[in-house]
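Read through the structure below, which is laid out as structure tokens, and then see the notes.
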Amino acid sequence: MRFTLAVAAGLLFAGVAAVPASADAPKAAYWRVETTFTRTHDHAVGSGYYLTQRSVETEWLSPEGRSWFGFRELGAKPATKKDEAAWRADGSPTTWAYRTEGMKIRLSVKPGKGTIGVTKGRPDGFRLGEKYVTYQQLQALPTEAEALRKQLTSEVNTWIDEAAEEAKTTDPKATKNDWLVNLDRYVAERASELLYVNPVPDKVRAAAYQVLKTTKGVSDLGRSKDPLGRSGRKLALPVSSSEGSVLKQQLLVDTQTMTLLAEYTDLKDGGKPMLGTSGVQTFKAGWTNDKPAVPGVS
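Reading the sequence shown from the start, the letters are residues -23 to -1, 1 to 275 in mature numbering (1 follows the signal peptide of the UniProt record, and there is no 0).
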């Protein structure tokens, strides 16, 4: 999953705000976000080869803030040509199983049946940072980059204050500086979420992209394509490091629609790649009238 500020507890549901004149009206029945994950398991199987697994999850949000969630495993396969050769030497099995941290992991080359249902354990509304807001409040977000940066920075600082205080209950040596060192990264992350998570106005999305690409530490890597062949601008977030772990992330943005296409995550601990958490996610976000259903196989 993504490394975002969404780990904070104590979610709030905010009140209703007036709709500004520049607001975007809902263009369909649902705002739909499809996320496809590709990751390599960190546990070798068979004679010692590794598997890459794909899965897809989809969220549908109505303008009233109701949420539906679908998920499907898309199947596993050998990660590299070397792994494929070892797999074939093992007789080309189509299922695998192994234990890790007390859990039994089962994998198959075939896609799963998938699930669909109403999202439970959340209030109606749209997740924005550490709170839930209404559709009207999404439309009232700043459309100027510096005003939006100011708001996002203020929200991140509030979260840092709360996180630092909570950390002291288990680590008396924890200080606010433990979080402030990554302030720019947090602001960039928050801006990137506005590019796909919620149906914000087009002008807000454009402002969020400006905030993202001009945040201190963010670097422009030029044009690139994602695993689906879609072209966009690739940006690298500030590198985050803590207690031997180093997290690098790159984002691919469609600068025509100002939507996030893909996120590349490279996490290392003590210089060793963390295969289970590193990988690539692709996103498809937009309005749809299609009712929630089990994600398809692709």
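Note that the Cβ used here is the ideal one computed from N, Cα and C, for glycine as well.
This structure is a prediction, so every number in the text was calculated from the model and none was measured.
Exposure label - residue i; buried when at least 16 CB within 10 Å
i	result
N266	exposed
T57	exposed
A233	Note on residue identity: the sequence assigns Gln, not Ala, to residue 233. When all chains shown are included, Q233 counts as exposed.
E36	buried
M235	buried
E142	exposed
V177	buried
P40	buried
V158	exposed
N175	buried
For residue i, three-class secondary structure by DSSP
i	result
T191	helix
S85	strand
T72	strand
D203	coil
T12	strand
E78	coil
Q114	helix
S32	strand
E240	strand
R49	strand
V271	coil
Q227	strand
Q128	helix
K249	strand
L108	Looking at the sequence provided, one finds Lys at residue 108 rather than Leu. The answer is strand: DSSP assigns K108 an E or B state.
L214	coil
D1	coil
S169	helix
G263	strand
Rounded separation between residue i and residue j - CA only
i	j	result
V22	R49	22 Å
Q116	V95	25 Å
T13	S201	18 Å
S222	K4	43 Å
S44	R104	11 Å
V274	P215	34 Å
Q128	L160	14 Å
V86	T71	5 Å
T254	S217	15 Å
D122	K180	Sequence check: residue 122 is Ala here, not Asp. Computed Cα separation, rounded: 10 Å.
Cβ shell of residue i (< 6 Å), same chain only, five flanking positions each side left out
i	result
L205	T259
A(-3)	Low confidence applies to A(-3): its pLDDT is 49, below 50, so where it sits in the model is not reliable, and the reading given next is rough at best. Cβ within range, chain order: n/a, list empty.
E240	L228, Q258
A144	A151
T92	F48
E34	T12, F48
R207	L238
T135	none
T192	D161, V164, A165
Own chain partners of residue i with C-beta closer than 7 Å, once the 5 adjacent residues on each side are dropped
i	result
K190	D197, L212
A185	L125, A168, L171, L172
Y75	H20, V22, I82
G263	R9
Residue-level contact to chain C via CB, residue i, 8 Å cutoff
i	result
M80	No chain C appears in this structure, which consists of one protein chain only.
Contacts around residue i, its chain only, beta-carbon distance under 8 Å, and the 5 residues preceding and following it disregarded
i	result
L28	T17, H18, V22, A53, K54, P55, A56, D60, W73, L84
residue 278	Nothing can be reported for residue 278, as the shown portion of the chain is limited to -23 through 275.
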